[in-house]
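In what follows, a structure is listed as structure tokens, so that the remarks can point back to it.
Protein chains: 2
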Amino acid sequence: MPYQQSSLQKPGCVLITSPSNPQIKQLRKLQQRKYRNDTGLFFLEGPRHVLQAIDLKEPIEYIVLAPSLLADPNGMKERILKHVSEERILEVSEETFKSFSSKDGPKGIAAVLTQRKLSISEIVTSGWCCVALSSVANPGNLGTILRTCDAVGVSTVILLDHSVDPYDPITLRASMGAFFNVKLITASFEELLVWKQINQLPMIGTSDHADLDYHHIRYPEKCILLMGSEREGLNEEHEKQCDQMVSIPMRGQMDSLNLAVAASIVLYEMYNQIRDVS
Amino acid sequence: MPYQQSSLQKPGCVLITSPSNPQIKQLRKLQQRKYRNDTGLFFLEGPRHVLQAIDLKEPIEYIVLAPSLLADPNGMKERILKHVSEERILEVSEETFKSFSSKDGPKGIAAVLTQRKLSISEIVTSGWCCVALSSVANPGNLGTILRTCDAVGVSTVILLDHSVDPYDPITLRASMGAFFNVKLITASFEELLVWKQINQLPMIGTSDHADLDYHHIRYPEKCILLMGSEREGLNEEHEKQCDQMVSIPMRGQMDSLNLAVAASIVLYEMYNQIRDVS
Chain B
12 MPYQQSSLQK PGCVLITSPS NPQIKQLRKL QQRKYRNDTG LFFLEGPRHV
62 LQAIDLKEPI EYIVLAPSLL ADPNGMKERI LKHVSEERIL EVSEETFKSF
112 SSKDGPKGIA AVLTQRKLSI SEIVTSGWCC VALSSVANPG NLGTILRTCD
162 AVGVSTVILL DHSVDPYDPI TLRASMGAFF NVKLITASFE ELLVWKQINQ
212 LPMIGTSDHA DLDYHHIRYP EKCILLMGSE REGLNEEHEK QCDQMVSIPM
262 RGQMDSLNLA VAASIVLYEM YNQIRDVS
Chain R
12 MPYQQSSLQK PGCVLITSPS NPQIKQLRKL QQRKYRNDTG LFFLEGPRHV
62 LQAIDLKEPI EYIVLAPSLL ADPNGMKERI LKHVSEERIL EVSEETFKSF
112 SSKDGPKGIA AVLTQRKLSI SEIVTSGWCC VALSSVANPG NLGTILRTCD
162 AVGVSTVILL DHSVDPYDPI TLRASMGAFF NVKLITASFE ELLVWKQINQ
212 LPMIGTSDHA DLDYHHIRYP EKCILLMGSE REGLNEEHEK QCDQMVSIPM
262 RGQMDSLNLA VAASIVLYEM YNQIRDVS
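Just so you know, the sequences run in chain order B and R. Residues 12 to 289 (my numbering) make up the first sequence, in order. Residues 12 to 289 (my numbering) make up the second sequence, in order.
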């Protein structure tokens with residue numbers, strides 16, 4: 012069914028058709044980390060993620076709809092209007108939407124949101140484990156780790172110095188929405204150590220040269236799991252501050268696993284130990 | 012140190028400088044699945060992967076070097092010449108190399124290889140488990156699964172109908188070289204069932220709605236692990252043919268894990284059971 016423009020738009024309301032419109036330019040610029048940092052905003056695309064953000068009352072700046080790309084434009088707009096005022100909805104042409112979309116088959120809905128800024132000192136250690144990642148470089152890996160964190164009930168992920176931007180569109184996509192279920196904190200390693208001290212949390216690090224087998228230890232009831240970058244792993248200073256270092260045994264010819272896979276294997280081992288006890 | 016062209020090149024040997032040279036065009040076309048299928052060739056990039064292919068005596072058609080991009084062009088060429096004849100080495104300019112490279116910082120070495128075609132009937136079930144994947148869509152996931160397979164000593168991966176091309180450059184990159192350590196077979200589901208019958212192998216499938224917890228069963232000594240696509244998982248027919256169906260418990264708000272993560276979690280559970288016994 013072709014989209015009936017008149018049914019959605021108020022008289023005089025203009026459908027943006029120019030990719031050079033300033034707001035559309037902003038949407039494209041939000042692909043850049045620097046621009047996201049400067050504005051404190053980020054870009055989210057696709058019905059699943061945008062509706063999830065609405066349901067969770069995330070701080071939405073505005074929503075962009077391309078009615079001609081939406082399966083049910085009237086239904087979608089009605090649903091959005093229950094939570095978001097009309098001034099915050101921008102309607103654009105298909106061509107305009109495609110000018111900022113990062114999807115092969117864009118579904119005609121996107122949003123701009125305010126980044127959530129949490130300080131590590133605000134974090135209460137309510138969960139059984141929190142994950143700290145140093146210098147993660149691949150946004151897809153970070154998103155995949157968030158997805159596993161959500162699955163095992165890890166509610167806090169701390170990104171240490173030089174990590175990839177969690178608001179990277181690839182991270183958001185790979186997290187499949189887990190992004191909104193996990194508290195993401197950016198902190199320095201020193202801040203993590205202070206927090207660890209205050210909360211008296213043991214820290215477990217991973218390394219391919221650690222003697223302890225990740226499957227042969229009993230994990231503490233509450234702890235920090237610290238993992239390093241894809242290329243370098245943890246550095247000496249990190250390792251020194253860990254209470255235990257574990258490795259995942261490998262019997263093949265490779266010397267490492269994908270970072271998100273390694274994190275998930277250790278997290279599921281921890282989670283299984285909790286489940287086995289209870 | 013600038014590259015000394017005279018030290019490597021025979022008199023009269025031409026450095027290819029044109030991106031429209033027919034061989035250079037072929038390199039670019041090898042990004043396309045159809046062209047790879049038609050020619051039975053594939054493209055590999057980067058010193059780590061190309062040198063690994065040489066060491067493993069993989070069937071190399073030709074090697075492409077951009078001396079000005081190589082850290083040590085003379086050393087690299089000497090090393091290659093021990094295994095590959097000079098006629099099979101193509102030297103190109105930096106600009107030409109960048110015209111087909113899929114890397115952000117190309118390192119100046121690539122190769123074209125012949126695809127290995129193995130039929131499922133040739134596969135001897137020597138390992139403890141083989142992985143069968145139906146309709147995997149994401150080449151990065153496939154590469155990551157190959158990496159985990161190598162880590163736990165799974166030597167055979169069977170790609171069933173409609174799976175992503177294992178010779179996709181993204182698969183090769185994500186596998187980090189594990190691609191060469193694992194036998195990759197393409198087969199139909201019917202062929203898998205015949206092979207399963209002949210080899211009397213039990214088949215374990217995964218699904219988010221299976222009652223059996225993946226961590227609460229004892230896996231057979233030898234088996235097939237069957238997993239479905241990222242979006243749909245296994246279909247009814249697949250599930251019917253499995254001897255057991257298992258699920259990975261999740262306590263968060265998401266309903267699934269990344270496919271490569273899920274495969275890795277089950278494979279490490281199996282591998283841990285073997286290690287715990289021996």
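All C-beta atoms, glycine included, are put in the ideal place defined by N, C-alpha and C. It should be emphasised that the depicted structure is a prediction, and the values quoted were computed from it without experimental measurement.
Around Thr182 of chain R, the same chain offers Pro150, Gly151, Leu153, Gly154, Leu157, Val175, Asp176 and Phe190 as residues with beta carbons nearer than 8 Å, after the five sequence neighbours per side are excluded.
Minimum Cα-Cα distance from Phe54 of chain R among the listed residues R:Ser29, R:Gln126, R:Gly164 and R:Glu97 corresponds to R:Gln126. In the three-state reduction of the DSSP assignment, Gln255 of chain R falls in the strand class, which pools E and B. Within the region 245 to 265 of chain R, those residues whose Cβ lies closer than 8 Å to any Cβ of chain B are, in chain order, Ile259, Pro260, Met261, Arg262, Gly263, Gln264 and Met265.
For Thr28 of chain R, the secondary structure class from DSSP, reduced to helix, strand or coil, is coil.
Per DSSP, Gly244 of chain B lies in no beta strand (DSSP E) and is assigned neither H nor E. Under the three-state reduction of DSSP, Met214 of chain B is assigned to strand. For Phe111 of chain B, no beta strand (DSSP E) run applies; the uninterrupted alpha helix (DSSP H) run containing it begins and ends at Glu105 to Phe111, by DSSP.
Within the same chain, and ignoring the five residues on either side of Leu223 of chain R in sequence, the residues whose Cβ sits closer than 8 Å to its Cβ are Gln255, Met256, Val257 and Ser258.
Chain R has no Cβ within less than 8 Å of the Cβ of Gly57 of chain B. For Met187 of chain B, at least one C-beta of chain R is nearer than 8 Å to its own C-beta. Ranked by Cα distance from Thr217 of chain R, the first of R:Glu201, R:Lys233 and R:Glu243 is R:Glu243.
Annotation: Gly57 of chain R to Pro84 of chain R spans about 13 Å, alpha carbon to alpha carbon.
Within chain B, Thr155, Thr159, Ala271, Val272 and Ser275 have C-beta atoms less than 7 Å from the C-beta of Val272 of chain R, given in sequence order. Around Gly138 of chain R, the same chain offers Gly164, Val165, Ser166 and Thr167 as residues with beta carbons nearer than 7 Å, after the five sequence neighbours per side are excluded. Within 8 Å of the CB of Val163 of chain B, the CB atoms of chain R belong to Met261, Arg262 and Gly263, in sequence order along the chain.
Excluding residues up to 5 positions away in sequence, Thr125, Gln126 and Lys128 lie with their Cβ nearer than 8 Å to the Cβ of Gly51 of chain R in the same chain.
Only buried fits Gly239 of chain R, as 16 or more other CB atoms lie within 10 angstroms of its CB. Beta bridge pairing from DSSP links Leu144 of chain B with B:Leu170 and B:Met238.
Val272 of chain B is a Cβ neighbour of Val272 of chain R, given a cutoff of 8 Å. Interface flag for His60 of chain R against chain B is unset, since no Cβ pair is found closer than 8 Å. Note that the region 263 to 270 of chain B does not touch the region 197 to 204 of chain B; fewer than 3 beta-carbon pairs, one per stretch, sit closer than 8 Å.
Bounds of the beta strand (DSSP E) holding Phe53 of chain R are Leu52 to Glu56. The three-state secondary structure of Leu204 of chain R, taken from DSSP, is helix.
Against chain B, the beta carbon of Leu171 of chain R has no neighbour under 7 Å; the closest one sits roughly 22 Å away. Secondary structure note for Tyr178 of chain R: it is in no beta strand (DSSP E), with a DSSP letter that is neither H nor E.
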